[in-house]
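*Asks:*
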Amino acid sequence: MHDDGMAAEYPPPQSLLPDDVLQEEVLPRLPPRALAVCRSVCKSWRGAIDACRMLRSDLLPLWPCGIFVNTGGDPRPPVFFAPPYVGRKVTSKFNTYVGMMGDRSWPRSAPVISAHCNGLLLMYNDGQNDDYVMNPATRRSERLPLCQGEPCDERHLLFDPSLSPHYQVLLFQSPDDYQADAGSEWPPSPFAMWVYSSATRRWEKRSFTREGQPAAGTLAEVHSAEEPIYYRRQSVYFHGALYAHCKGDFIMRITLPDSKYQVIEPPQGINSSVQFDLRLVKCKNGVYLAYMGKTLKAWFLNESAASGKAWVLKYDVNLQAVNSHFSSQDSHHPINMPWLLHHADNNKGNNARVRSVEKFQWDSDNGNIVKIKKSTDGKFRGSGWIHLLGFHPYKEVAFLQLSNNRAVACHLDLSKVQDLGHFDLPFYRNHSYVNGTFVYSPCWMGDLCEQY
């Protein structure tokens, strides 16, 4: 403050150093974490860092290397479906640490993945009401302080390491927990949400107001919407906005900087009580909504439409030829480096090390490519269920579990199908089933305080 009580005015950061000194002497000397902070200072600094490729792309979560799986039945830590050289590295200490997060009598209770974003996992232990953020690649974690607000079932994670090393966690109530008149609108406006920032390391209660599209319905209508018991809705963080798939099948687009949200209605005919494999995902060009029925349908969210946000059917792919191929006897040949399910019972004493970042990069263009025979009359005479495990975040590639528990990566233009290996969940005392899958891309940056 000046003597007259007026706040001091400081020059903009880009004027403090000549451009040549900044680009040649200062920025190249900074570690990746500091570079990510500098990218968020101003446009000129971001341009300088990007133009010189100072922030190494191999440190960013650009290549998926496996799939985390929450299992139902007996509560157990998540399993990890990945190539053996990746799975051993990720799970050798992950399972031990996650096991310690549960109460001492587990498998009666165990933490599960409630959200993931750009290489970070948000873990939640319902028995102890604990939230953890974990980075399996760097083996760092952070236990969040207890949120003092009302109980919240909706838990979401926001993280973009290309913009900042810090993450945020967003909590808000579902219609099942919200106390209000049954005829009131849902979601409400303003809508109270809790935001945790790793920069301040504290929770803050904030009010978000709705703009654009009216409410999705009344509280009673949304509350009565049916969902399969094993159905887990997910969210996507894209270009600074969180897209949360909510009960009632609408999407909430939430922006934290201005405390606003929008309601986006699903494509016509969508109903998760029928289409239980419904997935909100980040894919090559943005946000997609996909489900696996008789065909794999994927809608792209066009946010530049003149009439507002609109869903465009991008793919409607019949995959029964793929299912038929892997159901036949000639599909059981061994493959090179098949993916494996790594879990607590098959990693004891295994502390394998991977020496380079490149070892985490699965090749989504080559390796174990399968030629699928097409029907001469264009009709596929296959049968059997197909389960959607997730999407490649930067390519139009779907990860699928076939009816014989084979897993494949299918390029949606059907130009290529890659055999990943057998996807057989471990059985415990009760029946095991998939209760949420998360395509994992390792990130070698972040701001987590504890090494595990």
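Reminder that position 327 of the sequence shown reads as 327 in full-length UniProt numbering, one-by-one numbering, no gaps.
The beta carbon of each residue, even a glycine, is placed where N, CA and C say it ideally should be.
Fair warning: this is a prediction, and the values are worked out from it, not measured in the lab.
1) For the region 312–329 against the region 386–403, are there 3 or more C-beta pairs whose distance is under 8 Å?
2) If we call anything under 8 Å between Cβ atoms a contact, is residue 78 one with residue 69?
3) Between which two residues does the alpha helix (DSSP H) carrying residue 50 extend?
4) Helix or strand or just coil, what does DSSP make of residue 147?
5) Please confirm whether residue 277 and residue 291 have their CB atoms less than 8 Å apart.
6) Are the beta-carbon atoms of residue 250 and residue 263 separated by less than 8 Å?
7) Can you have a look at residue 358 and say buried or exposed, based on whether 16 or more other CB atoms are within 10 angstroms of its CB?
8) Output yes or no for whether 8 Å exceeds the beta carbon distance between residue 98 and residue 175.
9) What is the DSSP secondary structure of residue 407, counted as helix, strand or coil?
10) What's the C-alpha gap between residue 232 and residue 394?
11) If you draw a straight line from the C-alpha of residue 436 to the C-alpha of residue 87, how long is it?
12) What distance in whole Å lies between the Cβ atoms of residue 364 and residue 409, which are believed to be in contact at a cut-off of 8 Å?
13) Assuming residue 362 and residue 83 are in contact, meaning their beta carbons sit under 8 Å apart, how far apart are those beta carbons, in whole angstroms?
14) Excluding sequence positions up to five away, which residues of its chain have a Cβ less than 8 Å from the Cβ of residue 266?
15) Quick one: residues in its chain with C-beta nearer than 8 Å to the C-beta of residue 168, no 5 flanking neighbours on either side, listed in chain order?
16) Cβ of residue 336 within 8 Å of Cβ of residue 384?
17) Here's a check: name, in chain order, each residue in its chain whose Cβ is nearer than 6 Å to the Cβ of residue 303, leaving out the five neighbours to either side.
18) How would you label residue 421, buried or exposed, when you count the other beta carbons within 10 angstroms and need 16 or more for buried?
19) Measure the Cβ-Cβ separation of residue 407 and residue 423 and say whether it is below 8 Å.
20) Could you tell me the distance, in whole angstroms, from the CA atom of residue 245 to the CA atom of residue 18?
21) May I ask which residues mark the beginning and end of the beta strand (DSSP E) holding residue 182?
22) Starting from the C-beta of residue 204, find all residues in its chain whose C-beta is less than 6 Å away, skip the five residues before and the five after it, and write them out in chain order.
23) Between residue 184 and the rest of its own chain, which residues show a CB-CB distance below 6 Å, the 5 nearest in sequence each way excluded?
24) Give the DSSP-derived three-state secondary structure of residue 358 in the structure shown.
25) Between which residues of its own chain and residue 130 is the CB-CB distance below 6 Å, once the five residues before and five after are set aside?
26) Drop a sphere of 10 angstroms on the beta-carbon of residue 81, count the other beta-carbons inside from all chains shown, and report buried for 16 or more, exposed for fewer.
27) Taking the alpha carbon of residue 63 as the reference point, which residue from 440, 110 and 21 has its own alpha carbon closest?
28) Cα separation between residue 150 and residue 192?
29) Counting C-beta neighbours from all protein chains within 10 Å, is the total for residue 202 16 or more, i.e. buried, or is it exposed?
30) Measure the Cβ-Cβ separation of residue 122 and residue 135 and say whether it is below 8 Å.
31) Smallest Cα separation from residue 411: which of 343, 283, 403 and 405?
32) Buried or exposed, going by whether 16 or more other CB atoms sit within 10 Å of the CB of residue 320?
33) Compute the Euclidean distance between the alpha carbons of residue 188 and residue 328, then round it to the nearest angstrom.
34) Let me make sure I understand the geometry here. Which of 294, 368, 343 and 172 has the alpha-carbon closest to that of residue 89?
35) Would you tell me roughly how many angstroms separate the C-alpha atoms of residue 91 and residue 110, rounded to the nearest one?
36) Closest to residue 147 by C-alpha separation, out of 164, 173 and 162, would be which residue?
*Replies:* Walking through what the data contain:
1) Contact holds: three or more Cβ-Cβ distances are below 8 Å.
2) Numbered from its first residue, the sequence shown carries residue 78 at position 78. Numbered from its first residue, the sequence shown carries residue 69 at position 69. Closer than 8 Å, so yes.
3) Position 50 of the sequence shown, counting from 1, holds the residue named residue 50. Residues 43–51.
4) Position 147 of the sequence shown, counted from the start, is the residue given in the question as residue 147. The three-state secondary structure of residue 147, taken from DSSP, is coil.
5) Here residue 277 refers to the residue found at position 277 when the sequence shown is read from its first residue. Here residue 291 refers to the residue found at position 291 when the sequence shown is read from its first residue. Going by C-beta atoms, residue 277 is nearer than 8 Å to residue 291.
6) As a position in the sequence shown, residue 250 is number 250, starting the count at 1. As a position in the sequence shown, residue 263 is number 263, starting the count at 1. With a cutoff of 8 Å on beta-carbon distance, residue 250 and residue 263 are scored as near each other.
7) For the purposes of this step, residue 358 is identified with residue 358 of the sequence shown, where counting begins at 1. Model confidence at residue 358 stands at a pLDDT of 49, short of 50, so the residue's coordinates are unreliable and nothing is read from them.
8) For this step, residue 98 is matched to residue 98 along the sequence shown. For this step, residue 175 is matched to residue 175 along the sequence shown. No, these two residues do not count as a Cβ contact at 8 Å.
9) Within the sequence shown, the letter at position 407 stands for residue 407. It is a strand residue.
10) Position 232 of the sequence shown, counted from the first residue, corresponds to residue 232. Position 394 of the sequence shown, counted from the first residue, corresponds to residue 394. In a straight line, the C-alpha of residue 232 is about 22 Å away from that of residue 394.
11) Here residue 436 corresponds to residue number 436 of the sequence shown, with the count starting at 1. Here residue 87 corresponds to residue number 87 of the sequence shown, with the count starting at 1. About 18 Å.
12) Here the question's residue 409 lines up with position 409 in the sequence shown. Here the question's residue 364 lines up with position 364 in the sequence shown. With a beta-carbon spacing of about 6 Å, residue 409 and residue 364 fall inside the 8 Å limit used to define contacts.
13) The residue given as residue 362 occupies position 362 in the sequence shown. The residue given as residue 83 occupies position 83 in the sequence shown. Between residue 83 and residue 362 the Cβ distance is about 6 Å, and since that is below 8 Å, they are a contact.
14) Position 266 of the sequence shown, counted from the start, is the residue given in the question as residue 266. In its chain, beyond the 5 residues on either side, 249, 250, 251, 289 and 311 have a beta carbon closer than 8 Å to the beta carbon of residue 266.
15) Here residue 168 is taken as the residue at index 168 of the sequence shown, counted from 1. If you ignore the 5 residues before and after residue 168, its C-beta comes within less than 8 Å of the C-beta of 157, 158, 159, 195, 196, 197, 198 and 256, all in its own chain and listed in chain order.
16) As a working note, residue 336 is residue 336 in the sequence shown. As a working note, residue 384 is residue 384 in the sequence shown. No; because the gap between Cβ atoms is not below 8 Å, this pair is not in contact.
17) In the sequence shown, residue 303 corresponds to position 303, counting from 1. Once the five neighbours on either side are set aside, the close Cβ partners of residue 303 are 309.
18) For this step, residue 421 is matched to residue 421 along the sequence shown. Buried, since its Cβ has 16 or more Cβ neighbours within 10 Å.
19) Position 407 of the sequence shown holds residue 407. Position 423 of the sequence shown holds residue 423. Less than 8 Å divides the Cβ of residue 407 from the Cβ of residue 423.
20) For the purposes of this step, residue 245 is identified with residue 245 of the sequence shown, where counting begins at 1. For the purposes of this step, residue 18 is identified with residue 18 of the sequence shown, where counting begins at 1. C-alpha separation (whole angstroms): 46 Å.
21) The sequence position of residue 182 within the sequence shown is 182, counting from 1. Per DSSP, residue 182 belongs to no beta strand (DSSP E) and is neither H nor E.
22) Working through the sequence shown from its first residue, we reach residue 204 at position 204. These residues qualify, in order along the chain: 195.
23) Looking up residue 184 in the sequence shown gives position 184. 219, listed in sequence order.
24) What you label residue 358 is simply residue 358 of the sequence shown in a count that begins at 1. Because residue 358 carries a pLDDT of 49, less than 50, the predicted location of this residue cannot be relied on, and no value is offered for it.
25) Sequence index remark: in the sequence shown, residue 130 carries index 130 (1-based). Excluding residues within five positions, none has a Cβ falling inside 6 Å.
26) Against the sequence shown, residue 81 aligns to sequence position 81. Residue 81 counts as buried, since at least 16 other C-beta atoms from the protein chains shown sit within 10 angstroms of its C-beta.
27) Looking up residue 63 in the sequence shown gives position 63. The residue with the shortest Cα to Cα distance from residue 63 is 440.
28) By 1-based counting over the sequence shown, the position of residue 150 is 150. By 1-based counting over the sequence shown, the position of residue 192 is 192. Residue 150 and residue 192: Cα-Cα distance of roughly 10 Å.
29) Position 202 of the sequence shown, counting from 1, holds the residue named residue 202. Exposed is the call here.
30) Taking the sequence shown and counting its residues from 1, the one referred to as residue 122 is at position 122. Taking the sequence shown and counting its residues from 1, the one referred to as residue 135 is at position 135. It is not a contact, given that the beta carbons lie outside the stated cut-off.
31) For the purposes of this step, residue 411 is taken as residue 411 along the sequence shown, with counting starting at 1. Comparing alpha-carbon positions, the option among 343, 283, 403 and 405 lying closest to residue 411 turns out to be 283.
32) Numbered from 1 along the sequence shown, position 320 holds the residue referred to as residue 320. Looking at its Cβ environment, which holds 16 or more other Cβ atoms inside 10 Å, residue 320 is buried.
33) For the purposes of this step, residue 188 is taken as residue 188 along the sequence shown, with counting starting at 1. For the purposes of this step, residue 328 is taken as residue 328 along the sequence shown, with counting starting at 1. Using only the alpha carbons, I get a separation of about 53 Å.
34) As a first step, residue 89 is located in the sequence shown; it is residue number 89 there, counting from the start. Comparing Cα-Cα distances from residue 89 to each of 294, 368, 343 and 172, the minimum goes to 343.
35) As a first step, residue 91 must be located in the sequence shown, where it is residue number 91. As a first step, residue 110 must be located in the sequence shown, where it is residue number 110. Cα to Cα, the separation comes out at about 16 Å.
36) Sequence index remark: in the sequence shown, residue 147 carries index 147 (1-based). Considering only alpha carbons, the answer is 173.
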